[in-house]
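> Okay, here's the structure, questions in a sec.
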Amino acid sequence: MRLRRTHRLRTTRSHRSSRTGRSGWIDAIWSFATGVFGAGAALVPFSGSGISTRQVLVASLALLWSLRLGLHITARTAHGGDDPRYKQLREDWGQAFNSRLFWFLQIQALAALALGLSIMLAAHNPTPALNSSDWLGVTVLIVAVAGETIADRQLSAFRSDPQNRGRVCEVGLWGISRHPNYFFEWMGWLAYAIIAIDPFGAYPWGWIALAGPLLMYWLLVHASGIPPLEAHMVRSRGKAFRDYQHRVNAFWPCPQHVAKASVDGDTR
7 MRLRRTHRLR TTRSHRSSRT GRSGWIDAIW SFATGVFGAG AALVPFSGSG ISTRQVLVAS
67 LALLWSLRLG LHITARTAHG GDDPRYKQLR EDWGQAFNSR LFWFLQIQAL AALALGLSIM
127 LAAHNPTPAL NSSDWLGVTV LIVAVAGETI ADRQLSAFRS DPQNRGRVCE VGLWGISRHP
187 NYFFEWMGWL AYAIIAIDPF GAYPWGWIAL AGPLLMYWLL VHASGIPPLE AHMVRSRGKA
247 FRDYQHRVNA FWPCPQHVAK ASVDGDTR
């Protein structure tokens with residue numbers, strides 16, 4: 007039954023994208039679905055002791071992330087057109103876009119399962135009481151959500167000014183990272199690994215939660231995040247964006263002029 011629901015969700019996302027011409031709806035639905043799936047996995051009772059405080063805490067964190075990101079993408083897609091990454095993929099894939107998009111959705115579904123596993127492992131850390139690792143994880147996720155929100159608002163404000171049309175945003179956080187929203191997104195997934203891992207070895211399964219931030223880093227920096235978006239920006243902004251690439255690191259925040267960054271995010 008769960009597989010059927012997952013298939014229907016993928017089909018709905020694909021049909022909505024084809025109907026509206028705005029593939030950004032894919033990310034909005036994925037954000038909501040991943041958060042709900044992760045929260046559900048966190049609240050599954052594995053023992054006869056009922057639902058723990060840690061499970062409720064981790065489920066709340068997953069829903070907080072999901073609600074913030076999903077609503078942001080929904081508003082952006084409804085008012086601002088298609089995501090530049092998908093515009094670039096439409097150009098690159100041509101007439102094969104719809105079929106390749108379908109397989110792209112399958113990869114996203116698998117990614118949601120892996121990310122949900124990280125949430126579940128964090129929630130089911132058997133340590134009896136909340137400890138410093140839990141509160142560190144909570145702090146990291148709150149900082150990540152706040153940082154991503156600030157970055158999104160700075161970019162939105164920049165784009166809303168007609169005088170900035172055709173220019174590259176370097177205000178605020180965008181002056182120390184070309185993709186601060188991606189950095190904070192990755193940082194949020196690191197929080198679950200922090201909660202899951204027991205440094206004293208009492209919960210060896212917790213180390214598997216590192217799959218979440220590792221997968222998210224790969225997706226953002228090497229797959230569906232930075233590469234197609236920067237290819238679009240180079241085409242649309244030209245020399246201005248290439249100069250920006252040389253001044254500001256792609257992913258890891260650092261002061262300008264300190265390091266030259268490649269398109270894939272590695273400092274050289």
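My numbering runs 6 ahead of the 1-based position in the sequence shown. Glycine residues also receive a C-beta, built at the ideal position from the N, C-alpha and C atoms.
#1: Under the three-state reduction of DSSP, which class applies to A256: helix, strand or coil?
#2: Which term fits E97, buried or exposed, when burial requires 16 or more other beta carbons within 10 angstroms of its beta carbon?
#3: Compute the beta-carbon to beta-carbon distance between S124 and A199, rounded to the nearest angstrom, for a pair I have assumed lies under 8 Å.
#4: Give me, in chain order, the residues of the same chain whose beta-carbon lies closer than 7 Å to that of D204; leave out the 5 immediate sequence neighbours on both sides.
#5: Does the Cβ-Cβ distance between A202 and A217 come in under 8 Å?
#6: Excluding five sequence neighbours on each side, which residues of the same chain lie with their C-beta closer than 7 Å to the C-beta of A117?
#7: Apart from the five residues on each side of it in sequence, which residues of its chain come closer than 6 Å, Cβ to Cβ, to A150?
#8: Which value, in whole angstroms, describes the spacing of the CA atoms of C175 and V240?
#9: Just the Cα atoms here: how many angstroms apart are Q160 and I182?
#10: With I200 as the anchor, note down where its alpha helix (DSSP H) starts and where it stops.
#11: Within 10 angstroms of its Cβ, does A47 collect 16 or more other Cβ (buried), or is it exposed?
#12: Kindly list the residues whose CB is nearer than 6 Å to the CB of G153, restricted to its own chain and excluding five residues on each side of it in sequence; keep chain order.
#13: Any idea what DSSP makes of L136, helix, strand or coil?
#14: Check the C-beta distance from H185 over to F257 and give it rounded, since I have them as a contact under 8 Å.
#15: Would you say A68 and A84 are within 8 Å of each other, going by their C-beta atoms?
#16: Looking at N187 and A157, is the spacing between their C-beta atoms short of 8 Å?
#17: Just to confirm the assignment, what range does the alpha helix (DSSP H) spanning F38 have?
#18: Buried or exposed, going by whether 16 or more other CB atoms sit within 10 Å of the CB of S268?
#19: Mapping DSSP to helix, strand and coil, what is I79?
#20: In terms of alpha-carbon separation, which member of G172, M126, F164 lies closest to I57?
#21: Expressed to the nearest angstrom, what Euclidean distance is found between the alpha-carbon atoms of A135 and L142?
#22: With 16 as the cutoff for other CB atoms within 10 Å, does L196 come out buried or exposed?
#23: Roughly how far, in whole angstroms, is the beta-carbon of D140 from the beta-carbon of R60, given that I think they are within contact range, below 8 Å?
#24: From V62, I113, G122, H78, pick the residue whose C-alpha is nearest to that of T155; which is it?
#25: Per DSSP, what kind of secondary structure is R173 in: helix, strand or coil?
#26: Please name the residue, chosen from N255, S242, H238, that lies closest to Q94 on a Cα-to-Cα basis.
Here's the rundown:
#1: Per DSSP, reduced to three states, the secondary structure at A256 is coil, with no helix or strand assignment.
#2: Exposed, since its Cβ has fewer than 16 Cβ neighbours within 10 Å.
#3: With a Cβ gap of about 7 Å, S124 and A199 count as contacting.
#4: Only N131, T133, G212 meet the Cβ criterion.
#5: A202 places its beta carbon 8 Å or farther from that of A217.
#6: So the qualifying residues of the chain are L221, L225.
#7: Cβ neighbours of A150 within its own chain (closer than 6 Å, five residues either side excluded): F190, M193, G194.
#8: If you take the alpha carbons of C175 and V240, they lie about 13 Å apart.
#9: Taking the CA atoms as reference points, Q160 sits about 13 Å from I182.
#10: That run of the alpha helix (DSSP H) goes 186-202.
#11: The residue is buried, with at least 16 neighbouring Cβ atoms inside 10 Å.
#12: Closer than 6 Å at Cβ, skipping near neighbours: F190.
#13: When secondary structure is reduced to three states using DSSP, L136 falls in the coil class, being assigned neither helix nor strand.
#14: Here H185 really is in contact with F257; their C-beta atoms are around 6 Å apart, less than 8 Å.
#15: Result no, Cβ atoms of A68 and A84 do not sit closer than 8 Å.
#16: In contact: A157 and N187 (Cβ atoms closer than 8 Å).
#17: 30-49 is the span of the alpha helix (DSSP H), which, as asked, contains F38.
#18: With a pLDDT of only 47 at S268, under 50, the local geometry of the prediction cannot be trusted, and the value read off the model is given with reservation. Sixteen is the threshold: since fewer than 16 other Cβ atoms of the shown chains lie within 10 Å of the Cβ of S268, the residue is exposed.
#19: In this structure, I79 counts as helix in the three-state DSSP scheme.
#20: Among G172, M126, F164, the Cα nearest to that of I57 belongs to M126.
#21: Those two C-alpha atoms are separated by around 14 Å.
#22: With 16 or more other Cβ atoms within 10 Å, it is buried.
#23: Contact between D140 and R60 holds: CB atoms are separated by about 6 Å, below the 8 Å threshold.
#24: Closest option to T155, Cα to Cα, is H78.
#25: DSSP places R173 outside both helix and strand once states are collapsed to three, so it counts as coil.
#26: The option with the nearest alpha carbon to Q94 is H238.
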